[in-house]
Amino acid sequence: MKIFIVILALSTQYLAATSFNQIMENHCVDCHGGSKTKGDVNLTVLDSKESFYTYYDMLKSIYSQVESGEMPPEKKSKMTADERKFLVDYLSSFFDKLENTDSQKTGPTRVRRLTAYEYDNTVKSITGLDLHLSENFTVDGGGGEGFTNDSAILGVSPLQFEKYLQAAEVISTHSRFDIHKGFSFTPRQDLPRTKQQSIDQIKYDMNGVVARIRPPDFNYERYLPKLMLATNDYNLSRNKAADLPKILAGYKVDKYSLKKALTYFSSSSGKAVIERDALQPWFKLRQHKYDKQMAQELAAEFTKVYLESFKKVNEVKGLKKRSYTSFQENIEKLFIYTNAELALLVKKDELERYQKLASTKDLLEKGMRSKYRSTFAKQVMPHISDFMLKVHRHPPDKSELLEMTKDFIKATGDFGIDVAARLFVIRTFASMKFIFRFERKTGKPSKINDYELASRLSYFIWSMPPDAELLKLAKEKKLSEPKVLEAQVKRLIKNKKSSALAKNFGAQWLKYGEILESEGPSKDKFPEFNKSLAKDMYKESAICFEYLVKADRSVLEVIDSDYSFMNSKLERHYGIGKGFSGFKKVSLKDKNRGGILGHASILTLTSYPQRTSPVLRGNWIINALLGTPTPPPPANVDILDDEETFNSKLSLKEQLAKHRNSANCSSCHQRIDPLGFPLENYDPIGRWREKYTNAPIDAVGELKTGKKLDGPQDLKKYLLKNKDLFLKNMSRKLLGYALGRKVYHFDYYIINKMVDSAKKNEYRFSALVTEIVNSYQFQHKN
Amino acid sequence: MNKIDRRTVLRGAAGVALGLPWLEAMGSSILNGNTRLAFLFMPNGVNESQWDPKGKGSNYSLPYSLEPLNALKDDFNLHSNLYHPGAQTGDGHYSKTANFLSGKHVKKSTSDLFCGVSADQVAAKYIGQNSYLPSIELGVKKTNIFVDTNVGFTTAYGGHISWTSETVPAPKEIIPSQAFQRLFKGAKQKTSTAEETKSILDYIKEDTIRMKKYLGREDSYRIEQYFSSVRSLERRIQRAAKDSYQLPRDAVNPKKGIPENYGEHVDLMLDIMVLAFQTNRTKIATFMFGNSVSPQKFDFLNGVEGGHHELSHTAGDKKKEHMIGTITRYHIERYARFLAKMKAVKEGNKTLLDNSLVLMGSGLKNANAHRAINLPLIVAGKGGGKVKTGEHKVHRPKSKMNNLLLGMMQTAGCPLKTFNDSDGSII
């Protein structure tokens, strides 16, 4: 088997490359190439310069295993110390060179679907409503650097699309559209009104406008019928003088009006045209005139009421059409004023409001004639534009906006304005632009625009769409100015919405979120454990992380701190006090508890149902904190037996030692176990214990170097000594989370910058975030 | 209700006297034959010694894990010695789950998913198109979101046996009421008229097409995915007008939420599958008893303690092996209950089970060693009369499981000659 390795640009020394090639062929390829690919490592893939980048992670793992002497196994191959040193130096200079070059690559910048969490959060921030619509969604799994926001796995299937559509429909039932105010949302769910109901509503609203400019003493709707009823009663009365006061009081009309009305009705026999002087009581209306359209509206309404009242009193039934018309015309005349006169009397916004209503009514009643359409379009377009900006986090293109408006108008004609608005709401929420985090691509790498930056920023730190301030800065194209950006990063971190980082990033990176889904330990052995305790365990970790973020603390407090957040239940669980019912910051005197290694969440998750597992705990430390994972274990290994462990004459440690001595297992377990043992004083649900059922606890882990770690405090000291590994791992995870993808070789440049910046800034969380936000990757799309 | 014209009856009935009531309710689905295909997956393998029976052909007896199938012994075949060559590399459980129904190699990745299109989705393309839903994918557990950084596979692999394309899994529904609604409550929007729903879908299509001009090449497949999702709903809406069905009077009507009890949840989902088949709303279904590496606790079973995955690495411990055998037996019990339900549904002079092929199995035989040869596989049902059941079929060692998947698809009417690495066809 031959491997072909070219490292042209990286090594000007051809000799070095050939030596590397030679050593690998002599010592490694037998087991890791072609027919045999032990541990899934196949070196023949390293066949070009590019392949060194593609398989960067594999090279790193090779490096660490060769350096530590795990590979090649002594039995199989005798690698000389010189050869080993050569490989290590060679790879390490390769890494150094690569990781310190800013290659200005974006990596894949695929459209990213909103995660379930982001979806609910986004809907909430747009509608103000907690609808929890993602409860019915399917779960995608995690990817990339271990997060649910990995763009590669966030696709859409027919089933998911149907769920998004259903959700959009639910959202739409909470929506309202008002021609003046645009779209809004209410907790109530209503069915949309029909076209006729919409027309009625608009008329009602128009009358509302009229009502506001009418003299306060006039209410034709009530006054006229009352007056007519009063007239009728008076005519029927046998003792008119005696009944008069009663009639006046009963209908709340005045004597003068009644007299005029009586004159009018008697002279016209109840069916004639209303004469101007017969309407004297309302004549003062002429002080305020109305435009023609308004007057027609008013007169029609007036006539309707008038006639209905007549029916009731059975006085006039056969009012002829001609009389009816002239009756209405007469009333109209009462109200008519010129527009100029009207403008003096009515406030400008009232007039606009009235005109908007009128054009909508026209569109609904008279169809899609162009003259109504253009007025209507002018009125709805700004609402559509605003709404799209809000929902799609980016203003629409002009052509898109025109298209949307056209469709909106057509739907208004077809189904009425309510339905049109609802369809539009469904459309915007079922659009890829809402469901995906969408950026405008140009076909080549380019800087993201300010709106896109606003979205990347707010989804990174808040798991939420940009707020008004971010959108405003984006509109003014100021957000990308370095100083503005820096201030915004600080603002976003300080805001309580940054708790999303604890609920998503922290929970998935450190895995404490898993405790909420965990099957938990054996119920028989640990009856104390239940869902509610699990929730408290989660909260301790999440609130600590949230605090670290918001107060911009040192990220090293993940490893060790002198505080935590607990409620009384947890304090009792830990046996350190009684505490308060709610979660409060607790200063820790007990040095064993500070930092995530003392959190019951992690300690429970890394235990088997029946017992603790130094291996799972050590493995968690290696993966989550140090970022130096071992290869997966071979499947067919002796895993320790639960039941036997405590009955056996060998202690857990002795059994593990036996296991560790097997050649197959030693290389990894020498790295894993010593980190897990110092936590043995924590039982499977995170309580402190001094002994096993019948044996003392030995919490000493012995590192390969011979150094002993006795108990959690030693372990924490050791981890803090290796803080570079921790910082690098955390940076890698945070970058992967921010970009929603896995980390590639060219990203290490930023990761190293993050580590440096953290060191220069007291390890503050914001230092890491700022480096990411300022990076080429974060500000470019592909 | 749709009438079936006589010609159709004759073609579909081909020598079988069909009972009229069933015929009436059948709609047009008889056109392409009426064999239903179901694929049931259980995670974490089995205990071999309690699975592999002694004897072969019709002369064999069911071992401990399979005992619950005793009453149905004439209704299924037990297949031995089948495996997926493509599932032999790659660590752990994930690489033997996502490809359970394709046999393709699962790309080791946390980001770029890649494995094969699964048999159910292939079948859905051929014979599912005539049903209201081409296929349904059911399960009981959410896909795990926490990536196992040790193994380097995304958990999306472990949560899906159904794959519509090499890169896109078909997510499973785990909420009973949602699955029920999708099947039986119509496709149109709840608060919109048909005409309005049509407008919405037209809009969404327009908008999706408009996206194209903004997106890069790496995103184009997302647009296609989205667009085809909209199309598939449109198709259903059109079908909804044509397809009629009648739910049996005693049909379940699941409440909102997820039953707390694992077994109840499983039974409910499987009941929904029976209903879906019975009413011909779909012909193809998958079901996952759990995700890959499932930590499900079965401590409600006598003598079982600990999580399923953890136990499955028995390290040769007899007690643990027995626990695994008991857990498998529990799964087989659910399967048997499901088969019995199908058998109780009459279709002419046959039963629903006769007209089906129901695969049950795991992508691992012995999880302790991640051994994935001689997979535990059962196929129940007679495929409309084409399959003789009641046997333990012992194939030549290392025969391909894809031969069986191909055989199932062919029996159900898929015009396929090969399927992935198949080199024959068995059923």
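Protein chains in written order, with this note's numbering: chain A, 2 to 783; chain B, -2 to 424. Using N, Cα and C, we set each Cβ at its ideal position, and we do this for glycine too.
>> Let's test the definition: count the other Cβ atoms within 10 Å of the Cβ of ARG690/A and tell me whether it reaches 16, buried, or not, exposed.
In response: In the first sequence, counting from the first residue as 1, residue 690/A sits at position 689. Looking at its Cβ environment, which holds fewer than 16 other Cβ atoms inside 10 Å, ARG690/A is exposed.
> In terms of DSSP beta bridges, what is MET567/A paired with?
Replying inline: By one-based count along the first sequence, residue 567/A stands at place 566. LYS585/A, per the DSSP bridge assignment.
>> Which residue marks the beginning of the beta strand (DSSP E) containing HIS389/B, and which one marks its end?
In response: On the second sequence, position 392 is the one that residue 389/B refers to. Counting along the chain, the beta strand (DSSP E) containing HIS389/B begins and ends at 389 to 397.
> What residues in its chain sit with their C-beta under 6 angstroms from that of PHE747/A, if we drop five residues either side in the sequence?
Replying inline: As a position in the first sequence, residue 747/A is number 746, starting the count at 1. Counting only residues of its own chain and dropping the five nearest sequence neighbours on each side, PHE747/A has a CB closer than 6 angstroms to the CB of SER104, LYS106.
> What in chain B is Cβ-close to SER523/A, meaning under 9 angstroms?
Replying inline: Stepping through the first sequence from its first residue, residue 523/A is reached at position 522. Result: LYS294, ASP296, GLU302, GLY303.
> Out of curiosity, what's the CA-to-CA distance linking GLY628/A and THR123/A?
Replying inline: As a position in the first sequence, residue 628/A is number 627, starting the count at 1. As a position in the first sequence, residue 123/A is number 122, starting the count at 1. In a straight line, the C-alpha of GLY628/A is about 32 angstroms away from that of THR123/A.
> Would you call ARG457/A buried or exposed, if buried means 16 or more other Cβ atoms sit within 10 Å of its Cβ?
Replying inline: Taking the first sequence and counting its residues from 1, the one referred to as residue 457/A is at position 456. Around the Cβ of ARG457/A, a 10 Å sphere holds 16 or more other Cβ atoms; the residue is buried.
> Taking buried to mean at least 16 other C-beta atoms within 10 Å of its own C-beta, is LYS317/B buried or exposed?
Replying inline: Taking the first residue of the second sequence as 1, we reach residue 317/B at position 320. It is buried - the Cβ of LYS317/B has at least 16 other Cβ atoms within 10 Å.
> Name the chain A residues that come within less than 7 angstroms of THR415/B, Cβ to Cβ?
Replying inline: Here residue 415/B refers to the residue found at position 418 when the second sequence is read from its first residue. The contacting residues do not exist; THR415/B stays about 26 angstroms from chain A at best.
> Are the C-beta of VAL420/A and some C-beta of chain B separated by less than 8 angstroms?
Replying inline: Start at 1 with the first residue of the first sequence, and residue 420/A comes out as number 419. Yes - at least one Cβ of chain B is within 8 angstroms of the one on VAL420/A.
> So, does the CB of LYS321/A fall closer than 8 angstroms to a CB anywhere in chain B?
Replying inline: Numbered from its first residue, the first sequence carries residue 321/A at position 320. Unreliable placement is indicated for LYS321/A, whose pLDDT of 46 sits below 50; the coordinate value is still reported in the next sentence. Interface flag for LYS321/A against chain B is unset, since no Cβ pair is found closer than 8 angstroms.
>> Measuring straight from C-alpha to C-alpha, what distance separates ILE773/A and MET755/A?
In response: For this step, residue 773/A is matched to residue 772 along the first sequence. For this step, residue 755/A is matched to residue 754 along the first sequence. Distance between the alpha carbons of ILE773/A and MET755/A: 7 angstroms.
>> Are the CB atoms of GLY147/A and ILE154/A within a distance shorter than 8 angstroms?
In response: In the first sequence, the residue the question calls residue 154/A occupies position 153. In the first sequence, the residue the question calls residue 147/A occupies position 146. No, these two residues do not count as a Cβ contact at 8 angstroms.
>> Against chain A, with Cβ distances strictly below 8 angstroms, would MET208/B count as a contact?
In response: Your numbering for residue 208/B matches position 211 in the second sequence. At least one chain A Cβ lies under 8 angstroms of MET208/B.
>> My output table needs one value for PRO697/A: the three-state DSSP class, helix, strand or coil.
In response: Along the first sequence, read from residue 1 onward, the residue named residue 697/A stands at position 696. Reduced to three states, the DSSP call for PRO697/A is strand.
>> According to DSSP, is TYR80/B part of a helix, a strand, or is it coil?
In response: In the second sequence, residue 80/B corresponds to position 83, counting from 1. Here TYR80/B sits in strand by DSSP.
> What does LEU160/A touch in chain B if you count any residue whose Cβ is under 8 angstroms from its own?
Replying inline: Looking up residue 160/A in the first sequence gives position 159. Chain-ordered, the chain B residues with CB closer than 8 angstroms to the CB of LEU160/A read GLU134, ALA167, PRO168, GLU170, ARG179.
> For THR94/B and chain A, any beta-carbon pair shorter than 8 angstroms?
Replying inline: Locating residue 94/B in the second sequence gives position 97, where the first residue counts as 1. At a cut-off of 8 angstroms, the C-beta of THR94/B has no neighbouring C-beta in chain A.
>> For ASN531/A, count the other beta carbons within 10 Å of its own beta carbon; 16 or more makes it buried, fewer makes it exposed. Which is it?
In response: Here residue 531/A refers to the residue found at position 530 of the first sequence. Flag for ASN531/A reads exposed.
> Can you tell me whether DSSP reads LEU354/B as helix, strand or coil?
Replying inline: Here residue 354/B is taken as the residue at index 357 of the second sequence, counted from 1. DSSP places LEU354/B in strand when its eight states are reduced to three.
> By Cβ distance below 6 angstroms, which residues in the same chain neighbour ARG111/A in space, the five residues on each side in sequence not counted?
Replying inline: Stepping through the first sequence from its first residue, residue 111/A is reached at position 110. Contacts found: SER152.
> Can the beta-carbon of ALA364/B be found closer than 8 angstroms to that of GLY42/B?
Replying inline: Residue mapping note: residue 364/B aligns to position 367 of the second sequence, counting from 1. Residue mapping note: residue 42/B aligns to position 45 of the second sequence, counting from 1. Their beta carbons are under 8 angstroms apart, which means ALA364/B touches GLY42/B by this criterion.
> For TRP689/A, which of helix, strand or coil comes out of DSSP?
Replying inline: Against the first sequence, residue 689/A aligns to sequence position 688. Three-state DSSP puts TRP689/A in a strand.
> How would you list, in chain order, the residues of chain A whose beta-carbon sits under 8 angstroms from the beta-carbon of ASP204/B?
Replying inline: As a position in the second sequence, residue 204/B is number 207, starting the count at 1. Neighbours of ASP204/B on chain A, chain order: ARG428, SER432, MET433, LYS434.
>> By alpha-carbon positions, which one of VAL89/A, ILE127/A, TYR745/A ends up nearest to SER20/A?
In response: Looking up residue 20/A in the first sequence gives position 19. SER20/A has its Cα closest to that of VAL89/A, out of VAL89/A, ILE127/A, TYR745/A.
>> Between LYS348/A and GLN380/A, how many whole angstroms is the CB-CB distance? I'm expecting something under 8 angstroms.
In response: For the purposes of this step, residue 348/A is identified with residue 347 of the first sequence, where counting begins at 1. For the purposes of this step, residue 380/A is identified with residue 379 of the first sequence, where counting begins at 1. Incorrect: roughly 18 angstroms between the Cβ atoms, too far for contact.
> Nearest-angstrom Cα distance between ARG393/B and ASP420/B?
Replying inline: As a first step, residue 393/B is located in the second sequence; it is residue number 396 there, counting from the start. As a first step, residue 420/B is located in the second sequence; it is residue number 423 there, counting from the start. Looking at the two C-alpha atoms, the distance is approximately 13 angstroms.
> Quick one: Cα of ALA68/B to Cα of ASP674/A, how far?
Replying inline: Locating residue 68/B in the second sequence gives position 71, counting from the first residue. Locating residue 674/A in the first sequence gives position 673, counting from the first residue. The straight-line gap separating the alpha-carbon atoms of ALA68/B and ASP674/A is approximately 50 angstroms.
>> Determine, for ALA153/B, whether the minimum Cβ-Cβ distance to residues of chain A falls below 8 angstroms.
In response: The count along the second sequence starts at 1 and reaches residue 153/B at position 156. ALA153/B counts as touching chain A.
> To the nearest angstrom, how far is it from the Cα of LYS37/A to the Cα of LYS705/A?
Replying inline: Your numbering for residue 37/A matches position 36 in the first sequence. Your numbering for residue 705/A matches position 704 in the first sequence. Rounded to whole angstroms, LYS37/A to LYS705/A spans 29 angstroms at the Cα level.
> What do you get for SER268/A, buried or exposed, if any count of 16 or more other CB atoms within 10 angstroms of its CB means buried?
Replying inline: What you label residue 268/A is simply residue 267 of the first sequence in a count that begins at 1. With a pLDDT of only 45 at SER268/A, under the threshold of 50, the placement of this residue in the model should not be trusted, and no figure is reported.
> Start and end of the beta strand (DSSP E) containing GLY322/B?
Replying inline: Within the second sequence, the letter at position 325 stands for residue 322/B. DSSP places GLY322/B in no beta strand (DSSP E) but in the uninterrupted alpha helix (DSSP H) bounded by 315 to 341.
> Using 8 angstroms as the threshold, is the segment 313 to 331 of chain B in touch with the segment 270 to 281 of chain B, meaning 3 or more CB pairs across them?
Replying inline: no
> Any idea what DSSP makes of SER608/A, helix, strand or coil?
Replying inline: Sequence index remark: in the first sequence, residue 608/A carries index 607 (1-based). Strand, per DSSP.
>> Which residue wins for smallest C-alpha separation from LYS182/A, given the options HIS384/A, THR128/A, TYR118/A?
In response: Translated into the one-based positions of the first sequence, residue 182/A becomes position 181. Out of HIS384/A, THR128/A, TYR118/A, HIS384/A has the C-alpha closest to the C-alpha of LYS182/A.
> Checking contacts by CB at 8 angstroms: is SER310/A closer than that to chain B?
Replying inline: To locate residue 310/A, count along the first sequence from 1; it is residue 309. Because SER310/A sits at a pLDDT of 48, beneath the cut-off of 50, its placement in the model cannot be relied upon, and the point is left open.
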